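Read top to bottom, the protein sequences are chains E and D. Taking numbering that gives the first Met the number 0, the leading residue of the first sequence gets 0, the next gets one more, and so forth. Taking numbering that gives the first Met the number 0, the leading residue of the second sequence gets 0, the next gets one more, and so forth. Quick reminder that beta carbons are idealized off the backbone N, C-alpha and C, glycines included. Fair warning: this is a prediction, and the values are worked out from it, not measured in the lab. Reading through the structure tokens given below for one structure.
There are 2 protein chains.
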Amino acid sequence: MKRNDFAGRKVLITGGLGFIGSNLAHALVKRKADVTLIDSMIPDFGGNEANVEDIKHKVRISYTDMRSFALPYIIKNQDIIFNLAGQISHMDSMKDPVTDLEINAKSQLHLLESCRYHNPSVKIIYASTRQIYGKTKQKPPINEDHPIDPTDINGINKLSGELFHSLYHKVFGIKTVSLRLTNCYGPRQLIRHDRQGFIAWFINRTVLNKEIKLYGDGLQIRDFTYIDDVVDAFLRVAVESNADGQVYNLGGIRPYSLLEVAKILKRINPKLKISKIPFPRERKKIDIGNYVGDWSKIHKDIGWKPKIDLEMGLKKTLTYFRKNLSNYL
Amino acid sequence: MKRNDFAGRKVLITGGLGFIGSNLAHALVKRKADVTLIDSMIPDFGGNEANVEDIKHKVRISYTDMRSFALPYIIKNQDIIFNLAGQISHMDSMKDPVTDLEINAKSQLHLLESCRYHNPSVKIIYASTRQIYGKTKQKPPINEDHPIDPTDINGINKLSGELFHSLYHKVFGIKTVSLRLTNCYGPRQLIRHDRQGFIAWFINRTVLNKEIKLYGDGLQIRDFTYIDDVVDAFLRVAVESNADGQVYNLGGIRPYSLLEVAKILKRINPKLKISKIPFPRERKKIDIGNYVGDWSKIHKDIGWKPKIDLEMGLKKTLTYFRKNLSNYL
């Protein structure tokens, strides 16, 4: 990836005021891209005006929903679409499955149909998720060939979204790439509630000097990708044509148990308390167990690897949220 | 399965005026069930009033869409739901993907959500499809553990529908069973156009003394299930509690090439003409190649096997359509 790969290029970010979208927007403004953000600003999804406050005069912002009939007018001249819009709460998907389907499956079809008819030469990078593997059945780390078996509504609808992107590549020749994300964390993340993954909530508890309640023994294994590494992956696949049509896992430098994560946070903020509680029943039913992703495919194809280790990433994240806390509570 | 298993039981059939739905309705009326049919009657999907003309005073018919807010009132007292409503044309799904998603994914969520809140003890038998396997990667016959990789929009949305049913069993304890159907054929099938599978169209061509145009060499392999065998499978899984939560392939007595099928039809009606044409490009792109299903799991679990061979089934089918042709053109 060269420094000027994005200079002057027309780039659209869906979910552009959200966590990953807004961080991508900052990286692209720095690289002198011509950036448009769209965001439906549905409450609790992650869109936050504070995320783009410092670049708002350097980007175009369109407050709209991907289901809008106006979508063709927004996408028609774009070179690249970073497609981050989504509902990411597993718990919310079980409470309101139809909304999850609307956002994660139907909206994706709208975007792809718009591109099919109004901009078939665009490149689209889609934010998929390791959730589609479900409870893993093979020895970790898990690669992209692992069987698909999502454990919740969100996983099923995200799977549809990814399959739609792959299909539009195969059948209509649209350049699509899907990145299967695992626990991403960093500045500009939604940390206000506990329904968008435990890492966001752990960060909330730490910055507020509160208590982390681990479910069960806290020995569940996960991997983590710091936002700068996530952004790096999105930018790289956007400019590498041999990524077209591919699906890639992201991952972390090494896996951690949730207890280890909590202990790192306690080292950073000794006022944090840690306790253990029984696994809540409605969460246990959709829990995926341990997960460690194999990211060797994207490393081999385009040279990506995670560079920021968890302790360093969490320190940067806490520094950001301490400075900007009022925008995130 | 005992003769009186359905006597007096409240049974709902979604897509009840369609091909499989109406044949099930006839079987259930004979077995003295208390039958309700719902059908959205969306043009070209398969709903046909002629399919239930002779039993219309013995069943309740509700012309409604599964997305209706009235659905809870229809499902709340049912013992069993045969869930046949769907959009089954692969070609149509590629022309109008959003409608396919509405019918095959969103409508299924509406039904399951209704049952979750208003009738959690109901049993649901869902009509899934072998389309979700896509181009098969293993030596035939293909069993239920084959990787999932649908080749078209219809396959992706039908997959969502099946995954939703399995999830509502696992998480909410609703008794669901999915049958992955392969080419079904028989009386009351939609044969008016060529977009609901080649076997329906071959039957149309035969009954009208026209020409079957085989794509390529006509040596593509498929299996076939006659409607009486399909109905038998639905009835059996409905009363067998060890089918709850399961997914089963159906299949045929033996596989045939499309050329063989055409030749059988020509034996039945010598006026039929057979020719070969190049594979149309838009069909080739979503074609699944050869397919033979392994139905040993449902045979082992509940004793089902296909009984009607293809020549016998096609003879019965043609006799029906010759007698009732005006209702199907």
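is_contact[residue i, chain D] using C-beta, thresh 8 Å
i, result
"residue 109 (chain E)", "yes"
"residue 170 (chain E)", "yes"
"residue 105 (chain E)", "yes"
"residue 112 (chain E)", "yes"
Chain E contact for residue i (CB, 8 Å cutoff)
i, result
"residue 96 (chain D)", "yes"
"residue 70 (chain D)", "no"
"residue 239 (chain D)", "no"
"residue 52 (chain D)", "no"
"residue 100 (chain D)", "yes"
Residue i, enclosing beta strand (DSSP E) - first and last residue
i, result
"residue 8 (chain E)", "Residue 8 (chain E) -> no beta strand (DSSP E), and no H or E assigned at all."
"residue 321 (chain E)", "That residue, residue 321 (chain E), is in no beta strand (DSSP E); its alpha helix (DSSP H) goes 309 to 323."
"residue 209 (chain E)", "Residue 209 (chain E) -> no beta strand (DSSP E), and no H or E assigned at all."
Paired residues, beta bridge with residue i - DSSP
i, result
"residue 82 (chain E)", "E:13, E:125"
"residue 246 (chain D)", "D:177"
"residue 38 (chain D)", "D:62"
"residue 272 (chain D)", "D:210"
"residue 191 (chain D)", "Answer by DSSP bridge pairing: none, since residue 191 (chain D) is not bridged."
"residue 223 (chain D)", "D:182"
"residue 120 (chain E)", "None, per the DSSP bridge assignment."
"residue 92 (chain D)", "Answer is none; residue 92 (chain D) lacks a bridge partner."
"residue 292 (chain E)", "E:141"
Where the alpha helix (DSSP H) through residue i begins and ends
i, result
"residue 177 (chain E)", "Element bounds for residue 177 (chain E): not the alpha helix (DSSP H) but the beta strand (DSSP E), 174 to 180."
"residue 145 (chain D)", "Unbroken run through residue 145 (chain D): none, as it is neither H nor E."
"residue 68 (chain D)", "That residue, residue 68 (chain D), is in no alpha helix (DSSP H); it is neither H nor E in DSSP."
"residue 135 (chain D)", "Here residue 135 (chain D) belongs to no alpha helix (DSSP H), and DSSP marks it neither H nor E."
"residue 31 (chain E)", "Unbroken run through residue 31 (chain E): none, as it is neither H nor E."
"residue 299 (chain D)", "295 to 301"
"residue 278 (chain E)", "Here residue 278 (chain E) belongs to no alpha helix (DSSP H), and DSSP marks it neither H nor E."
"residue 329 (chain E)", "The displayed coordinates of chain E run from 0 to 328. Any statement about residue 329 (chain E) would go beyond what the structure contains."
"residue 266 (chain D)", "257 to 267"
Contact belief for residue i with residue j at Cβ below 8 Å, rounded distance in angstroms
i, j, result
"residue 130 (chain E)", "residue 154 (chain E)", "4 Å"
"residue 232 (chain D)", "residue 297 (chain D)", "7 Å"
"residue 250 (chain E)", "residue 293 (chain E)", "7 Å"
"residue 110 (chain D)", "residue 17 (chain D)", "Between residue 17 (chain D) and residue 110 (chain D) the Cβ distance is about 15 Å, and since that is not below 8 Å, they are no contact."
"residue 19 (chain E)", "residue 226 (chain E)", "7 Å"
"residue 21 (chain E)", "residue 187 (chain E)", "5 Å"
"residue 123 (chain D)", "residue 80 (chain D)", "5 Å"
"residue 169 (chain D)", "residue 118 (chain D)", "So it is not a contact: roughly 18 Å between Cβ atoms."
"residue 317 (chain D)", "residue 205 (chain D)", "6 Å"
"residue 94 (chain D)", "residue 128 (chain D)", "Going by Cβ atoms, the distance from residue 94 (chain D) to residue 128 (chain D) rounds to 19 Å, so no, they are not a contact pair."
"residue 97 (chain E)", "residue 57 (chain E)", "The pair is not a contact, with the Cβ atoms about 37 Å apart (cut-off 8 Å)."
"residue 220 (chain D)", "residue 125 (chain D)", "No, residue 220 (chain D) and residue 125 (chain D) are not in contact; Cβ-Cβ is about 26 Å, not under 8 Å."
"residue 278 (chain D)", "residue 214 (chain D)", "4 Å"
"residue 196 (chain E)", "residue 256 (chain E)", "At roughly 16 Å, the Cβ-Cβ gap does not stay under 8 Å, so residue 196 (chain E) and residue 256 (chain E) are not in contact."
8 Å Cβ cutoff, residue i in contact with chain C
i, result
"residue 303 (chain E)", "Protein chains in the displayed structure are E and D, and chain C is not among them."
Could you run through the segment 137 to 165 of chain E and flag, in chain order, every residue whose CB is less than 8 Å away from some CB of chain D? 146, 147, 149, 150, 151, 152, 155, 156, 158, 159, 162, 163
Which residues, taken in chain order from the segment 283 to 294 of chain D, show a beta carbon closer than 8 Å to some beta carbon of chain E? 284, 285
Just by C-beta distance, which residues in the segment 17 to 49 of chain E are closer than 7 Å to chain D? none
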